[in-house]
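Scroll down for the structure; my scribbles are underneath it.
2 protein chains.
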Amino acid sequence: MTAAAIPGPIDPPARLLMGPGPISAYPSVLQAMSAPLVGQYDPFMTATMAETQDLYRGVWATRNDATLLIDGTSRAGIEAALVSLIRPGDRVLVPVFGRFGHLLAEIAERAMAEVHTIETEWGQVFPVPVIEAAIERVRPTLLALVQGDTSTTMCQPLDEIGALCAKHGVLFYTDATASLGGNAFEADEWGLDAATAGLQKCLGGPSGSAPLTLSDKAVEVVRSRAKVEAGIREPGDPDAADFVRSNYFDLGMILEYWGPRRLNHHTEATSMLYAARECARVLLVEGREAVIERHRLAGAAMLAGVQALGLDVFGDVAHKMNNVVAVEIPSGVPADAARAALLEDFGIEIGTSFGPLHGRVWRIGTMGYNAREDAVLTTLAALETVLARYGVPVPAGGGTDAATDVFRGA
Amino acid sequence: MTAAAIPGPIDPPARLLMGPGPISAYPSVLQAMSAPLVGQYDPFMTATMAETQDLYRGVWATRNDATLLIDGTSRAGIEAALVSLIRPGDRVLVPVFGRFGHLLAEIAERAMAEVHTIETEWGQVFPVPVIEAAIERVRPTLLALVQGDTSTTMCQPLDEIGALCAKHGVLFYTDATASLGGNAFEADEWGLDAATAGLQKCLGGPSGSAPLTLSDKAVEVVRSRAKVEAGIREPGDPDAADFVRSNYFDLGMILEYWGPRRLNHHTEATSMLYAARECARVLLVEGREAVIERHRLAGAAMLAGVQALGLDVFGDVAHKMNNVVAVEIPSGVPADAARAALLEDFGIEIGTSFGPLHGRVWRIGTMGYNAREDAVLTTLAALETVLARYGVPVPAGGGTDAATDVFRGA
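Line by line, the protein sequences give chains A and B. Using my numbering, the first residue of the first sequence is number 1, and each one after it goes up by one. Using my numbering, the first residue of the second sequence is number 1001, and each one after it goes up by one.
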C-alpha cells in the first residue's frame, strides 16, 4: 500500500440501526471503550473483572459464581459452553425453531456429539410437552435451546424447561444472545445450567464479548475435564484424559483465569471488558425490569405501527420477542431496493432474512439504546415514505399515530 | 446487586504499561473504538473490512488475499490457524523455546494432531540445521514456530525456514503475536503459509482482535475441508467429511465471510475492527520500516539503560526481540514488592515471568505507542529509584544517561 493510498481515521456514516442486531450502542458504552488500558493483572483490572462478573449476575438473575465473559462474539460464547459441556459421543437434543437452532446443532456436531433435533415450523415455538417427549425419547446429556431466534423473531418460553431437565437428569443450556436484557430471563429461577449471550442486541453494545453463566452442576462437568495447558502447568494441576478439544474455549481454564487463581490464559480483551461492563451497568442503573418493560413498550409500538401501515406480521405474535418484528414485504416492493432507500436516504437500517424467509420478510428491531420512542417513530415515518414511493397504499401518518398511541398508553 | 452498589463509569488509573504486553494503546486507537457502529452488511462496513484487509497486507508484507481478522484474542488467531490446517492425526512439529511454544503444542494436541516437539534452553533460539534435522526425522504436515516468545524475549530467525518447509513439503505457520510490527516480518519473502498476531503488543492496540494471513497453499487446505454450517447451507455448498472441529474457528467459513460472498458467520466485532484498522493505519502512516526502527532504538536504549544500572540481562541478547528485555532481579530485592512500588508509586507496570524464570527475572517492554524516549527514560528513572530503595548500588542517573546516549546516537 503506497502512503498516498492509506485511508484516514475511521469516520462511519450516521446510522440508526433498527435491524435484528447489531444495533446502535449506548453512547456511554462507546465512550467506555476509549478508556485507557491497564495491565492484565493490575489490581484495577482484576477488580474490574470481578465487578463485571457481579454486574452480570444481576443481568442474568443468578447467584452463579461462574459468571464471566468469553472474548469473542456471541457464537464464541455458544461454542465455549457446548464444547466444554459436551463429551464426544454425548447425546445432545436441539429443538430447532429457526436458524440459530441449526447453529446449536452444528456446533454440537462439531464438538462430536450425537445430535438429535426436533423441528417446528418457522414462526412457532415448542409446547413444553413436545420437548419433554423428545427428552424421554432421546435421553440426552444436554438440551440446547435458543431462547430468542432473530431469524423468526420467536421467543421460546423457558420457565418450565429447567424443572423438566432436572427431572430427567439433563443439563439445560440456552442461547440468549438475541433476547437477554429485552425479555424476561431468570437463570436461577428457571433452572439454567448454562447460558450465553452477546452485547450487540438488547444489551446495547458492540459485538465481541460474550457473557456466560454456569450453574454449579455445569461447573462440576467442566472441572471433571480440566487440564491446565502445557507451559504453565504445575505439579498437582489437573490433566484430564477427556480434555476439551479447544484451548481457547476450555471453560476449565477460563474459570481459573476469572477465579482467584488468575491462571494465565488469554490476555483479556480490556476494551471489550469495559464495554461489557458498561452495558450491564446502564442496564442495572435503569433497572432490569424497567429495561425489559421499555423493550416491551417499544416492541408493542413498532408492532402496532407496522400493522397500522397495513403490513402483515410473520409468525406467532403471542410468542414474538419484544425486540424484533418480522413483516411480510408487500408484493410489488423490491425488497433490497426499498431497504437500500431506507439506508441511503434516511440512514436507517432494517434487516433482511435468512433461509425460508429470505426475500419474504424484513426484520425490524427495537433494542438496547434504540428501544426508544423517537427511534420507533422515525423508522415508521421513513418506512411509510419508502412504501408509498413503491405504490403501497399506506395511511398517511398511520404507523406513527398507532405507535404514539401505544407509547401514550391510549 | 442493589442500586446503591452499582459502580460508576469505568475510570482506570493512569498507567504506563512497560511490561511484555498488553501495553498502552495509541490514543487514536482508543478513540477509534468510540466511533458509532454500523450494520454488519452496511456498504461502509464491508468496505471497512476490505480496507482493513488491505492495511494488514501492508503490515504482514504479503499479497495474500486471505488476510483478515479473527474475533478474539491472539490465541484465538493461533487456534483458528491450527485447527483449520491440522487434520486429526496429522504430524505437527513444534520447536519450543519458551512458554508459547508449549502453547502451540498444546493447541495442536487439542486439535488431535500427533505433536512432536524439540526444545532448546530458555534464552536461546534454534539454529536452522536443528529445525531441518527435526523436519527430516518427524516429516510433519505442519511446522508451528513462534517468532517472538515474550516468556524468554527471544526472536527466532524465520527468514530461512520457509524455503526449508517448501523443500520438505511442510506447511509453515508462525505465531507473531509478540513480534509483529516491532521486528522484521516478511510473510511472502520468508515463505509463510500462515501467520497470526494480536493487537496488544507492537501494534499498539487492545487485546481482542487477531490479524491472520494465509498463503494460497494454506487456503487450499482450508477449502478442502470446507463445510457451510446448517441453517444457511445452500445447494452445492461444500460439506466436507473431515470438517474443522470448530465452527467459530473454521477458516473455510471465515474466508467466505470476509470474501465477496459475505457468508453470514459471526457478527463482526465492529469496535475491535475499528481498533485493528487504526493499529495498522498508524503503523503504515509512520512507515513499516520506521516503526521497526523505532522499536529497535527504544529496545536498544532500554537494554543499555538496564545494563548501566548494573542489571544482568537474561538470554542470548543477539537474538532478543526489539521490544522486550528480561533482567535478572538483583539478590535481596523482593521481586513482587518492587514491582508493586513501580506500579503504585510511579504508575509504571513492568512484567513478572513464567515457569523457570518466575521470580528470577522481570520483563520490560518497549512496544507500540510506548516505544518512545520519554517512556524509556521515565521507566529507567523509576526503576533506579526503586532499586536504590532496596539497597541496590545503582549509579545515579546511569540508566537514563545510557539510554539517552542511544537515542542521541552517541
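Glycine included, C-beta positions come from ideal geometry on N, C-alpha and C.
- prompt: Since residue 1404(B) meets chain A, which of its residues come closer than 7 Å, beta carbon to beta carbon?
  reply: Those within 7 Å of residue 1404(B) in chain A number zero; the least Cβ separation is about 26 Å.
field: residue 1155(B) - partner residues in DSSP beta bridges
entry: Residue 1155(B) pairs with 1148(B).
task: Out of 1045(B), 1151(B), 1102(B) and 1142(B), point me to the one whose CA is closest to residue 1161(B)'s CA.
output: It is 1142(B).
message: Whole angstroms are fine: how far does the CA of residue 1064(B) sit from the CA of residue 1185(B)?
response: Inter-residue distance for residue 1185(B) and residue 1064(B) is about 14 Å (C-alpha atoms, whole angstroms).
field: Secondary structure of residue 32(A), DSSP reduced to three states
entry: Three-state result, residue 32(A): helix.
- prompt: Between residue 229(A) and chain B, is there a C-beta pair that is closer than 7 Å?
  reply: For residue 229(A), the answer is yes, since a Cβ of chain B falls inside 7 Å of its Cβ.
- prompt: Alpha carbon to alpha carbon, what distance is there between residue 1369(B) and residue 1200(B)?
  reply: So the alpha carbons of these two residues sit roughly 10 Å apart.
Nearest-angstrom beta carbon gap, residue 319(A) and residue 183(A) [assumed within contact, 8 Å]: Actually they do not touch by this definition, with Cβ atoms about 11 Å apart.
message: Does the CB of residue 1020(B) have a neighbour CB from chain A at under 7 Å?
response: Closer than 7 Å: no.
- request: Check the Cβ-Cβ distances between residue 1213(B) and every residue of chain A, and say whether any is below 7 Å.
  value: For residue 1213(B), the answer is no, since every Cβ of chain A falls outside 7 Å of its Cβ.
message: Taking the alpha-carbon of residue 366(A) as reference, which of 112(A), 29(A), 204(A) and 223(A) has the nearest alpha-carbon?
response: Selected option, being the one with the closest Cα: 204(A).
- prompt: CB residue 351(A) to CB residue 20(A), shorter than 7 Å?
  reply: Yes.
- prompt: For the alpha helix (DSSP H) that residue 346(A) lies in, which residues bound it at each end?
  reply: Here the alpha helix (DSSP H) through residue 346(A) covers 335-346.
query: When you compare only the Cα positions, how much space is there between residue 1383(B) and residue 50(A)?
result: The alpha-carbon atoms of residue 1383(B) and residue 50(A) are separated by roughly 30 Å.
- prompt: Helix, strand or coil: which one does DSSP assign to residue 1056(B)?
  reply: Helix at residue 1056(B).
Ordered list of alpha helix (DSSP H) runs contained in the stretch 137-222 of chain A, each at least 4 residues: With a minimum length of 4 residues, the continuous alpha helix (DSSP H) runs that stay inside the stretch 137-222 of chain A are 161-168.
message: Could you tell me the alpha carbon to alpha carbon distance between residue 10(A) and residue 1286(B), rounded to whole angstroms?
response: Rounded to whole angstroms, residue 10(A) to residue 1286(B) spans 17 Å at the Cα level.
query: For a contact meaning CB atoms closer than 9 Å, what does residue 302(A) contact in chain B?
result: For residue 302(A), no chain B residue has a Cβ inside 9 Å of its Cβ, as the nearest lies near 18 Å away.
- prompt: Excluding the five sequence neighbours on either side, which residues of its own chain have a C-beta within less than 7 Å of the C-beta of residue 172(A), listed in chain order?
  reply: If you ignore the 5 residues before and after residue 172(A), its C-beta comes within less than 7 Å of the C-beta of 143, 161, 162, 165, 191, 192 and 193, all in its own chain and listed in chain order.
Neighbour flag for residue 1012(B) against chain A, beta carbons, 7 Å: With respect to chain A, the C-beta atom of residue 1012(B) has a partner C-beta closer than 7 Å.
query: In three-state terms, what does DSSP make of residue 1364(B)?
result: Here residue 1364(B) sits in strand by DSSP.
Between the CA atoms of residue 251(A) and residue 222(A) - distance to the nearest angstrom: Distance between the alpha carbons of residue 222(A) and residue 251(A) is about 6 Å.
message: Threshold first: 4 residues or longer. Then list the alpha helix (DSSP H) segments lying entirely within the stretch 251-294 of chain A, N to C.
response: Entirely contained in the stretch 251-294 of chain A, the alpha helix (DSSP H) runs reaching 4 residues are, in chain order, 251-258 and 270-286.
Neighbouring residues, chain B, relative to residue 74(A) (Cβ below 8 Å): Within 8 Å of the CB of residue 74(A), the CB atoms of chain B belong to 1266 and 1267, in sequence order along the chain.
- prompt: For residue 1270(B) and chain A, any beta-carbon pair shorter than 7 Å?
  reply: With 7 Å as the cut-off, residue 1270(B) counts as an interface residue toward chain A.
field: N- and C-terminal bounds of the beta strand (DSSP E) containing residue 66(A)
entry: Looking at the DSSP string, the run of the beta strand (DSSP E) that includes residue 66(A) is 66-70.
message: By the three-class DSSP mapping on this structure, what secondary structure does residue 116(A) have?
response: Strand at residue 116(A).
Closer than 9 Å at the beta carbon, the chain B residues around residue 278(A): Here the neighbours are 1009 and 1010.
message: Rounded to whole angstroms, what is the Cα-Cα separation between residue 1037(B) and residue 1045(B)?
response: Inter-residue distance for residue 1037(B) and residue 1045(B) is about 9 Å (C-alpha atoms, whole angstroms).
message: Please identify the residue among 81(A), 328(A), 107(A) and 317(A) whose C-alpha is closest to the C-alpha of residue 1245(B).
response: Among 81(A), 328(A), 107(A) and 317(A), the Cα nearest to that of residue 1245(B) belongs to 107(A).
task: Please confirm if the stretch 259-271 of chain A is in contact with the stretch 1376-1390 of chain B, defined as three or more CB-CB distances below 8 Å between the two stretches.
output: The answer is no - the stretch 1376-1390 of chain B does not touch the stretch 259-271 of chain A, with fewer than three Cβ pairs under 8 Å.
- request: Provide the residue(s) that pair with residue 1091(B) in DSSP beta bridges, ordered along the chain.
  value: Bridge partners of residue 1091(B): 1114(B).
- request: Run down chain A in chain order and give the residues with a C-beta less than 9 Å from the C-beta of residue 1107(B).
  value: Going along chain A in sequence order, the residues near residue 1107(B) (Cβ under 9 Å) are 229, 246, 247 and 248.
field: C-beta neighbour in chain B for residue 290(A), strict 7 Å
entry: Output row for residue 290(A): interface = no.
query: What is the rounded straight-line gap between the Cα of residue 147(A) and the Cα of residue 97(A)?
result: Between the alpha carbons of residue 147(A) and residue 97(A) lies a distance of about 10 Å.
task: Using DSSP bridges, identify the partner residues of residue 325(A).
output: Residue pairing by DSSP places residue 325(A) opposite 364(A) in a beta bridge.
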